[in-house]
Amino acid sequence: MDYRDHGIRCNAICPGTVQSPWLDERLAATGDAHAARPAVIARQRMGRSGAAQEFAMLASYLASDENAYTTVILRAIDGGWTMA
């Protein structure tokens, strides 16, 4: 709140599993990425990993003027994990 008079807002994105090169590397590190992927997906409440574009859209919205009245929030985008 110290910077509100300067038009600065502070929001945080709390991501779940993202389909990304990092995830692919972690799966490959198991020694059998083909077998590891279904196990990771099975743990996702929505039955899939998040797409990078979904996270980018949230970040874009949080930074936009359409969301100018929101500050100091933690926004989970985790396919339902926070509902556990």
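My numbering numbers the first residue of the sequence shown as 322 and each following residue consecutively.
Think of the CB as a built atom: it goes at the ideal place given N, C-alpha and C, for glycine as much as any other residue.
Note that the coordinates shown come from a computational prediction; the quantities given were computed from them, not determined experimentally.
query, result
"For the candidate residues 396, 344, 357, 365, whose alpha-carbon lies nearest to that of residue 381?", "396"
"Starting from residue 360, follow the alpha helix (DSSP H) in both directions and report where the run begins and ends.", "354–363"
"Using the C-alpha atoms, what's the distance from residue 326 back to residue 360?", "48 Å"
"Short of 6 Å in beta carbon distance, which residues of its chain neighbour residue 399, apart from the five on each side in sequence? Order them along the chain.", "337"
"For residue 368 and residue 362, I'd like the C-alpha separation in whole angstroms.", "6 Å"
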